[in-house]
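K.L.:
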Amino acid sequence: MQKKETKYIFVVGGVISGVGKGITSSSLGLILKNRGLKVTSIKIDPYINVDAGTMNPIEHGEVFVLKDGNETDQDMGNYERFLEINLTRINYMTTGLVYKSVIEKERNLEYKGKCVQVVPHIPLEVIRRIKEAGKNADADVVMIEIGGTVGEYENILFLEAARMMKLEAPKDVAFIIVSYLPTPQNVGEMKTKPTQHAVRTLNASGIQPDILIARANVGLDKLRKEKIALFCNILADRIISAPDVSSIYDIPINFEKEKLSEKICDILDIDSKKVDMKAWKKWEAFAKHAHNGKEVVKIAMIGKYFETGDFVLSDSYLSVIEAIKYSSYAQNRKPILTWLNSSDFEKNPAKLKELKKYDGIIVPGGFGSRGVEGNLNAIKFARENKIPYFGLCYGMQMMVIEYARNVLGLKDANTKEVNPNSKNLVIDIMESQKEILKNNSYGGSMRLGEYKAILRDGTIAKSAYETKEVLERHRHRYEVNPAFVADLEAKGLVFSGRSPDGHLMEIAELPKNKHPFFLGTQFHPEFLARPLDPHPLFTAFIKACINKNK
Ligand code: GLN
């Protein structure tokens, strides 16, 4: 059978930022996938940064690392989780990246002496990338989320690319606007005017949306649906009500209640296959967990928390939170997360006792020296009081420092990141990073992406994974200093995962007879947790948390 043309669905946002374009795209992708279609996703971020790697998490939320090491936006994580796919660098672009590649091509004479212009050459490069992503994935449908809000200056060239694609193949391109309908408190009525303006502004870019997703705190009534239909020039049954939900995993289900996948297939002339009911039932059962959990599991997340600019705190640790949810749901528990400031544990040892209230403690990834001493105190408390502890990247490095200080007696043990003058740098800069930092080449230059680890027999890691070797995603510059490994092991710390050449320590743990769960990973396991396929280490941690009080 001849493969039909690839279809492209652009998702744009209206009225406010943070309206939920990423979750909308992921959910749409999922319901289309459940119709037997091969779906891939692209995220376009309109800023100048070439990737998300150099941005502070409070500016930008989580940096999601792809298997090829590309540092991207947190929405990429949503795509990977909802669609159970692995994306690569072709699935992510920014204004900076697009300009950079156009300029490089110009320098290489690839435009053959032509005058290279913002239009059409920038949109043409965008289109080239979109098509390549579709081709690489052999996709039936490519979801493309254009970041930002319609009407702003930054994303205009991406809208231009979308318009050009529609002109070239009208039947293969659809537009969805996710818009916001406020209900001002003193008016008490849902207002459609901002959405009308958003659609008009989109029209001014030559784009007419096929579908409007109406985000609001409550569902849309008939009156408003008809009003939007009339003023925005969209069929009433293609205006989809999307009220706030307590769990994002309900969104695909709500969309299907509105028959959204069928409507999209209609618009794009896709041979509408039947919904795969088996896969769908699995999703529904998973989504239900968010509302069930009578019994809870209480996790303390310790880090440096403060005001968060445009982003809420939980955004910075999105993948960790989701990973905890999946493993907890699979054990029929509802996770309750409490954010604790590491600096609280620095000068106030009495505060440490409060940690006993929790079933488990996580120190997630991070950078810099602020709050480190507080983390070390908390980790020591977890070790001595047998509270399950899971350290992710920086959390593993600190676990090793704590052990070196308090068990090996190396009082000034530290990481070079915090105190380069320490005599006992148990965490040191990787050899390969020294030159890089000398040249100030910070962007995209850490140890990034997927690397193999070999697991040691008889360890918690090995029995959790049930396999000999694993591939996990990394993002760090520092590592356990090999000079201290023998001493640390002699005093009982086990390096249960190592790089294939044995030089890099990937997992550290205490044996089960010494502590129920005291384990840290140099990599970020959270990036591989999937709703229907929870991560084995998170599951082992959650199980230890559940057993804590037994
Ligand atoms: N700051 C540490 C390093 O660069 C840990 C990084 C992280 O937690 N992602 O090695």
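Letter by letter, the sequence shown follows residues 2 to 551 in the numbering used here.
Quick reminder that beta carbons are idealized off the backbone N, C-alpha and C, glycines included.
Could you pull the start and end residues of the alpha helix (DSSP H) that F528 belongs to?
P.N.:
Per DSSP, F528 belongs to no alpha helix (DSSP H) and is neither H nor E.
K.L.:
Taking 6 Å as the limit between beta carbons, can you name the residues of its chain near Q523, skipping five residues before and five after?
P.N.:
So the list reads M397, E507, once near-sequence residues are dropped.
K.L.:
Rank R239, K167, H516 by C-alpha distance to the C-alpha of I388 and give the top, closest one.
P.N.:
When each option's Cα is compared against that of I388, the closest is H516.
K.L.:
Quick one: residues in its chain with C-beta nearer than 6 Å to the C-beta of G135, no 5 flanking neighbours on either side, listed in chain order?
P.N.:
Cβ within range, chain order: T7, V143.
K.L.:
So, at 6 Å on beta carbons, what are the nonlocal neighbours of T150 in its own chain, with the 5 sequence-adjacent residues on each side left out?
P.N.:
Cβ neighbours of T150 beyond the five flanking positions: G14, S18.
K.L.:
Starting from the Cα of I322, find the closest Cα among S27, I547, P535 and give me that residue.
P.N.:
Of S27, I547, P535, the residue nearest in Cα terms is P535.
K.L.:
Hey, E470 and L529 are a contact pair by Cβ (cut 8 Å); roughly how many whole angstroms apart?
P.N.:
Not a contact, Cβ separation roughly 14 Å.
K.L.:
Could you pull out every residue in the same chain whose Cβ sits closer than 7 Å to the Cβ of N50, ignoring the five residues on either side in sequence?
P.N.:
Here the set comprises M56, T95, G97.
K.L.:
So within the region 150-224, which uninterrupted beta strand (DSSP E) runs reach at least 3 residues, ignoring any that extend past its ends?
P.N.:
Entirely contained in the region 150-224, the beta strand (DSSP E) runs reaching 3 residues are, in chain order, 174-181, 212-217.
K.L.:
Run through DSSP, which three-state label would I300 get?
P.N.:
Reduced to three states, the DSSP call for I300 is strand.
K.L.:
Which same chain residues, not among the five before or five after D222, have their C-beta less than 8 Å away from its C-beta?
P.N.:
Here the set comprises M191.
K.L.:
Grab the span of the beta strand (DSSP E) containing K463 for me, first residue to last.
P.N.:
Element bounds for K463: not the beta strand (DSSP E) but the alpha helix (DSSP H), 461-466.
K.L.:
Out of S247, F232, M447, D211, which one is the CA nearest neighbour of I241?
P.N.:
Among S247, F232, M447, D211, the Cα nearest to that of I241 is on D211.
K.L.:
Under 8 Å, with one C-beta from each stretch per pair, do the region 83-90 and the region 107-117 reach the 3-pair mark?
P.N.:
Touching, no.
K.L.:
Taking D360 as the reference, give the member of L377, E81, A383 with the closest Cα.
P.N.:
With distances taken between Cα atoms, D360 lies closest to A383.
K.L.:
Per DSSP, T416 forms a beta bridge with which residues?
P.N.:
T416 pairs with I428.
K.L.:
Which residue from R239, T468, Y479 puts its Cα closest to that of I437?
P.N.:
Selected option, being the one with the closest Cα: Y479.
K.L.:
Would you grab the beta carbon distance between E403 and I380 for me? Rounded to a whole angstrom, and I think it's under 8 Å.
P.N.:
At roughly 5 Å, the Cβ-Cβ gap stays under 8 Å, so E403 and I380 are in contact.
K.L.:
Roughly how many angstroms separate the alpha carbons of G503 and E432, rounded to a whole number?
P.N.:
Taking the straight line from one Cα to the other gives about 15 Å.
K.L.:
Do I455 and G498 count as a contact pair if the criterion is CB distance below 8 Å?
P.N.:
Yes, they are a contact pair.
K.L.:
Would you kindly report the start and end of the unbroken beta strand (DSSP E) that includes D241?
P.N.:
Correcting the residue type first, residue 241 is Ile in the shown sequence and not Asp. Looking at the DSSP string, the run of the beta strand (DSSP E) that includes I241 is 240-244.
K.L.:
Please confirm if the region 166-178 is in contact with the region 58-69, defined as three or more CB-CB distances below 8 Å between the two stretches.
P.N.:
These segments do not touch.
K.L.:
Nearest to K305 by alpha carbon, out of K358, G369, I268, Q209?
P.N.:
Selected option, being the one with the closest Cα: G369.
K.L.:
Any heavy atom of the ligand GLN closer than 7 Å to the beta-carbon of Q75?
P.N.:
Not under cutoff, so the answer is no.
K.L.:
Determine the burial state of G493: buried for a count of at least 16 other Cβ atoms within 10 Å of its Cβ, exposed for fewer.
P.N.:
Label assigned to G493: exposed.
K.L.:
Between the C-alpha atoms of L213 and G366, what's the straight-line distance to the nearest angstrom?
P.N.:
The straight-line gap from Cα to Cα measures roughly 38 Å.
K.L.:
Quick one: Cα of L538 to Cα of L231, how far?
P.N.:
When rounded, the distance between both Cα atoms is 53 Å.
K.L.:
Please determine, among C116, V119, S28, the residue with the shortest C-alpha to C-alpha distance to G78.
P.N.:
Nearest C-alpha to G78: S28.
K.L.:
Between F176, C116, H475, which lies nearest to Y9 when the distance is taken from Cα to Cα?
P.N.:
The shortest C-alpha separation from Y9 is found at F176.
K.L.:
Tell me the DSSP secondary structure of I32 in three-state form.
P.N.:
Three-state result, I32: helix.
K.L.:
Who are V99's beta bridge partners in DSSP?
P.N.:
Partner(s): none; V99 has no beta bridge.
K.L.:
Within its chain, find whatever has a CB closer than 6 Å to the CB of D76; leave out the 5 residues flanking it on each side and keep chain order.
P.N.:
So the qualifying residues of the chain are G23, K44.
K.L.:
Would you please state the rounded distance, in angstroms, between the beta carbons of T215 and I229? I believe it to be under 8 Å.
P.N.:
The amino acid at residue 215 is misidentified as Thr; the sequence shows Ala. About 7 Å; that satisfies the 8 Å criterion.
K.L.:
Buried or exposed: which applies to N440, given that a residue is buried once 16 or more other Cβ atoms fall within 10 Å of its Cβ?
P.N.:
Answer is exposed; the Cβ neighbour count stays below 16.
K.L.:
Taking only three categories from DSSP, how would you classify E81?
P.N.:
Of the three classes helix, strand and coil, the one that applies to E81 here is helix, per DSSP.
K.L.:
If V495 sits next to L511, beta carbons under 8 Å apart, how far is it from one beta carbon to the other, in whole angstroms?
P.N.:
7 Å between Cβ atoms; contact.
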